[in-house]
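Trainee: Below you will find the structure I want to go over with you.
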Amino acid sequence: MRQRISDVNMNNVTFIPGNRRRCILVDQITALQVCVVVLVCLKKAVIGSPVECPDQEIGGTSCTISAEKLLDRAVQHAELIYRFSEEAKLLFDELLDLFGGMNQYIPGGAVCAPKTVPVPLSKSEIQQISDRWLLHSVLILVQFWIEPLVNLQKSLENYKSAPIGLLSRNQWIASKLSSLEEGLLVLIRQILGEGGLVLGPPEDVSDNTLSVDAFETVRRDYSVIYCFRKDAHKIQTFLKLLKCRQVDRENCSLF
Amino acid sequence: MAHSLSLRLLYLGLMCGKGLVFAQGSELFSQASDANKGPHLTGCRSSEQVTFRCWWSSGTFQNLSEPGALRIFYQTKALSSDWYECPDYTQTVKNECYFNKTFTRIWTSYCIQLRSVPQNTTYDEACFTVENIVYPDPPVGLNWTLLNVSRSGLHFDVLVRWTPPPSADVKTGWMSLVYQLQYRVKNNTYWEMQELESGTQQSIYGLHTDKEYEVRVRCKMSAFNNFGEFSDSVFLQVAQIPSKESTFPMALVLSFILIGVVILLIFIVISQQQRLMVIFLPPIPAPKIKGIDPELLKNGKLDQLDSLLSSHDMYKPDFYHEDPWVEFIQLDIDDPADKKNSDTQHLLGLSHSGSSHNLNLKNDDDSGRASCYDPEIPDPEDLASLLHNHSEQGEHQHSLVSRSSSANPDFQQESEVVETPIQTQPSWVNMDFYAQVSDFTPAGEVMLSPGQLNTSPEKKKKEEENEKKIQFQLVSDGAYTSETTARQFSADVPSSPGPEQEYQAFPTQGVEGNLWNGDYLVSVNDSQTPYLLLEPPPAPVLPPISDYTVAEPPSKSSFIAAYGLSAQPR
């Protein structure tokens, strides 16, 4: 049973099972319009702009937005990003089902590019690492995925029958990733009191050459969505862990 | 390029794919019947996103069912590309491989293979990432509290609470769970589902009292599709609150009051029936003559009526000075017909002799106003004597019947005119007080006739005439009359040219009256052929004039006009 975001209300997210593929696509369009509009407004309300401290220097610590609020906004961003990536992946699955199923395109396990900075992947390890490390890991991840998603958007536009929901979600995710990156930089400054570890332009691991082979193109595009979805969940979990630690260190550090 | 892309995809889709058996969630492991399959993986699950387990079945291969025959190997990119054997085969559970937290990496893909080592065959393989196989444990600690009961006592609301599964680390934010609550009437087959709830409580509204409900909860990771098992059901029931004692007498008292009010109303209605009838159903005012009791008119004797009516102001003799049409009927006393004159004199003398009975006839020009407005009703005895004296004129004296005759028209006219005042007297005997509208001319004028008392000859003629009228109507509905019907008409006519007919409207010339007045047509039929029914009669046929002559302008008769007129409704 597949589920969709129907109403982007932070506190009361409702899922509606999508029963039919074709109807889903139409529903997606309308739902997405609403979602995008709401999210655009929400962005202003929730995240705003973490660097928009009125009459303050950008690097100044006199910005009045608390770390907890920033974390809250970051967590909400991550949740939404993950949900949208989940839906984008499902839409892509449906698109592929029309052409014989997704089994051929699923990256076996190694296709998801390893990150430049290894990130711990078990709970115990994660709970052992410091806040600093967590924040940096998240920042690295976010920074890593901005460009591939932009490329994916360009590639999807070449598809003949790509659903509009897929395209719009992808676009939205890309934009929100950028804002999340900004927020994380501010967070790092606030929590850690240091300048953000801005990496250089990410190493171009993915093959950017436009492959003439349609199969490879589709496979690559699908792997982008697939792997990004995984990482979006990771980002969300990390941020939640971080939020708990910031609020209540003793209870949240149990492992 | 897009077009070629889609085509390629379609083509490739039809080929055998690169067989990576992968599915997420429930599609991970095929759930086909185990009976027909060989050894296969039945499932891999994680309950807390920290560890996971895999199970397999030997299927139909009984020789592989002993422990150790089939083994699990896994590969994960996190460690290396090598295949490692299952780190822990669970002792207590058959065919289970357990990966503890040191071997579990989230967001990492695992591939599991079921192998038979001696035969070096791989029976099944599955790849997944751990977060995709997370099926949370059911929530625990389900309980409910009553929120409120409706005023009618028929419905109630509850608040159901639960706690997250203890194995799921929700507190630190490791897992984000959403819950789904289901409830049903006990022993019903259909579960009502609530929407997903991220908190740990939910309200249910609109439950029925006196019904037992069953409630259960399950959870899953948010934005994933894998629901865990249902929690243990909790039963809730609220007894229906019996109706309060205080309301019962209230209802009784109200009903008694209502019945009393109804009885009172009925009593009032019965006792004041007459007055209420007058108020609600006012009597329709009967036609009244001012100063005259209608009862007297109905039942009173003639002499009483006489006195009444003569004393009435309405019937002053000068009432008719302005009546114009009376002047049409002029009594020409200078006519050289002596017989008639003598008759006239005689009648006039008689009329004077009858003055003792308040007959108010004048022997001047106004005598022609033998109209229905003549108030005097002569004494029946006197009138009878009049009738007797003028028996030779009795044929046409009984009523205002006009005769058609082929005699001198002028003479006839005059005789008719002369006779009309005389005829009014005897005819008064048979007349009602009020005049009747007998017919409408085609020109729209009203023909009046005196009503008739019970005299059989007139009645007969009336019926006869009605019959003829009906017959004529049959004729006049169509434009033409057939020859046969015309003949019928003519056959019905008595041969005598002078049937006594009550009232007709005959213009001095013209066809209009002739056309629709069946009597006339019938009367002239004997002298004419049937085809001439709709044609104007020849002029010398004398139209007898009744007392109630309708003056109309003569019009040129033509067949077309006649045809048009015959189609007019009467």
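In the order they appear, the protein sequences are chains A and B.
Using UniProt numbering, the letters of the first sequence correspond one by one to residues 1 to 255.
Using UniProt numbering, the letters of the second sequence correspond one by one to residues 1 to 570.
For each residue, glycine too, the CB sits at the ideal point set by N, CA and C.
Everything numeric in this text was worked out from a predicted model, so none of it was measured.
What residues from chain A crowd round Val50 of chain B, counting only those whose CB sits closer than 7 Å?
Mentor: By Cβ distance, chain A contributes Lys123.
Trainee: Kindly say whether Tyr82 of chain A, judged by its beta-carbon, lies nearer than 8 Å to any beta-carbon of chain B.
Mentor: For Tyr82 of chain A, the answer is yes, since a Cβ of chain B falls inside 8 Å of its Cβ.
Trainee: Keeping to the same chain, check which residues put their C-beta closer than 6 Å to that of Ile126 of chain A; ignore five residues upstream and five downstream.
Mentor: Correct list, in chain order: Pro120.
Trainee: Gly141 of chain B CB to nearest chain A CB: under 8 Å?
Mentor: No, Gly141 of chain B does not count as interfacial toward chain A.
Trainee: Does the count of Cβ pairs from the stretch 79-90 of chain B and the stretch 136-149 of chain B closer than 8 Å reach three?
Mentor: Not touching, per the Cβ criterion.
Trainee: Which of the residues in the stretch 82-112 of chain B, read from start to end, lie with their CB under 8 Å from any CB of chain A?
Mentor: If the cut-off is 8 Å between Cβ atoms, the stretch 82-112 of chain B has Lys101, Thr102, Thr104, Arg105, Ile106, Trp107, Thr108, Ser109, Tyr110, Cys111 near chain A.
Trainee: Can you say whether Tyr183 of chain B is buried or exposed, counting buried as having 16 or more other CB atoms within 10 angstroms of its CB?
Mentor: Buried, by the Cβ-count rule.
Trainee: State the start and end residues of the unbroken beta strand (DSSP E) segment that holds Phe84 of chain A.
Mentor: Phe84 of chain A -> not in any beta strand (DSSP E); alpha helix (DSSP H) instead, spanning 67-97.
Trainee: From Thr92 of chain B to Ile235 of chain A, what distance separates their C-alpha atoms?
Mentor: C-alpha separation (whole angstroms): 37 Å.
Trainee: Is the stretch 225-244 of chain A close to the stretch 85-93 of chain A, with three or more CB pairs under 8 Å?
Mentor: Short answer: they touch.
Trainee: Closest to Phe215 of chain A by CA distance: which of A:Ala232, A:Tyr159, A:Gly165, A:His233 is it?
Mentor: For the residues A:Ala232, A:Tyr159, A:Gly165, A:His233, the minimum Cα distance to Phe215 of chain A belongs to A:Tyr159.
Trainee: Using DSSP's beta-bridge definition, name the partner residues of Glu96 of chain B.
Mentor: Note: Glu96 of chain B sits in a beta bridge opposite B:Trp55.
Trainee: Indicate whether Ala223 of chain B and Arg83 of chain A have their beta-carbon atoms separated by less than 8 Å.
Mentor: Yes. Within cutoff.
Trainee: In terms of DSSP beta bridges, what is Ala126 of chain B paired with?
Mentor: The partner list for Ala126 of chain B (beta bridge, DSSP) reads B:Ile112.
Trainee: Do you know offhand how far Thr122 of chain B's Cα is from Gln237 of chain B's?
Mentor: Approximately 55 Å between the Cα atoms of the pair.
Trainee: Leaving out five residues before and five after Met193 of chain B in sequence, what residues of the same chain have Cβ atoms less than 8 Å from its Cβ?
Mentor: Cβ within range, chain order: Gln180, Leu181, Gln182.
Trainee: Which residue from B:Val50, B:Ser109, B:Asp124 puts its Cα closest to that of Pro136 of chain B?
Mentor: Answer by Cα proximity: B:Val50.
Trainee: Return the bridge partner residues of residue 288 of chain A from the DSSP annotation.
Mentor: Since the first and last residues shown for chain A are 1 and 255, residue 288 of chain A lies out of range.
Trainee: Identify which residue in A:Ser155, A:Leu166, A:Leu167 has its Cα closest to the Cα of Thr217 of chain A.
Mentor: When only C-alpha atoms are compared, the closest one is A:Ser155.
Trainee: Beta-carbon of Glu192 of chain B versus every beta-carbon of chain A: anything under 8 Å?
Mentor: No, Glu192 of chain B does not count as interfacial toward chain A.
Trainee: Do the CB positions of Ile133 of chain B and Leu41 of chain B come within less than 8 Å of each other?
Mentor: Not closer than 8 Å, so no.
Trainee: Who are the neighbours of Gly206 of chain B on chain A, taking C-beta pairs under 9 Å?
Mentor: By Cβ distance, chain A contributes nothing, its closest Cβ being about 20 Å from Gly206 of chain B, past 9 Å.
Trainee: Excluding the 5 residues preceding and the 5 following Cys219 of chain B in the sequence, name in chain order all residues of the same chain whose CB lies nearer than 6 Å to its CB.
Mentor: Pro136, Pro139, Leu177, Tyr179, Gly228, listed in sequence order.
Trainee: Apply the 10 Å Cβ neighbour rule to Ile81 of chain A and answer buried if 16 or more other Cβ atoms are within range, or exposed otherwise.
Mentor: So Ile81 of chain A counts as buried.
Trainee: Can you find the residues in the same chain that come closer than 8 Å, C-beta to C-beta, to Leu149 of chain A, ignoring five residues on each side of it along the sequence?
Mentor: So the qualifying residues of the chain are Asn170, Ile173, Ala174, Leu177, Val224, Phe228.
Trainee: Counting along the chain, where does the beta strand (DSSP E) carrying Asn143 of chain B start and finish?
Mentor: Segment 140-149, the beta strand (DSSP E) holding Asn143 of chain B.
Trainee: Give the residues of chain B in contact with Lys234 of chain A, contact being defined as C-beta atoms less than 7 Å apart.
Mentor: Near Lys234 of chain A (Cβ distances below 7 Å), the residues of chain B are Trp107.
Trainee: For the alpha helix (DSSP H) that Val186 of chain A lies in, which residues bound it at each end?
Mentor: From DSSP, the alpha helix (DSSP H) with Val186 of chain A extends over 164-187.
Trainee: Do you know how far the Cα of Gly68 of chain B is from the Cα of Lys94 of chain B?
Mentor: Straight-line Cα distance between these residues: approximately 11 Å.
Trainee: Chain A partners of Ala223 of chain B, CB-CB under 7 Å?
Mentor: The answer, in chain order, is Tyr82, Arg83, Glu86.
Trainee: Starting from the C-beta of Leu187 of chain A, find all residues in its chain whose C-beta is less than 7 Å away, skip the five residues before and the five after it, and write them out in chain order.
Mentor: Only Ala67, Leu70, Leu71, Ala74, Leu135 meet the Cβ criterion.
Trainee: Measuring CB to CB, does Arg105 of chain B end up less than 8 Å from Ser122 of chain A?
Mentor: Yes, the Cβ-Cβ distance between Arg105 of chain B and Ser122 of chain A is below 8 Å.
Trainee: Please determine whether the Cβ atom of Ser65 of chain B lies at a distance below 7 Å from any heavy atom of the ligand HEM.
Mentor: With respect to the ligand HEM, the structure offers nothing, as it holds no ligand at all.
Trainee: Could you name the residues of chain B that Leu241 of chain A contacts, counting a contact when the two beta carbons are closer than 7 Å?
Mentor: Thr172, Gly173, Trp174, listed in chain order.
Trainee: With a threshold of 8 Å between beta carbons, is Asn170 of chain A in contact with chain B?
Mentor: Not closer than 8 Å to any Cβ of chain B, the Cβ of Asn170 of chain A fails to qualify, so no.
Trainee: Quick one: Cα of Gly206 of chain B to Cα of His155 of chain B, how far?
Mentor: Distance between the alpha carbons of Gly206 of chain B and His155 of chain B is about 6 Å.
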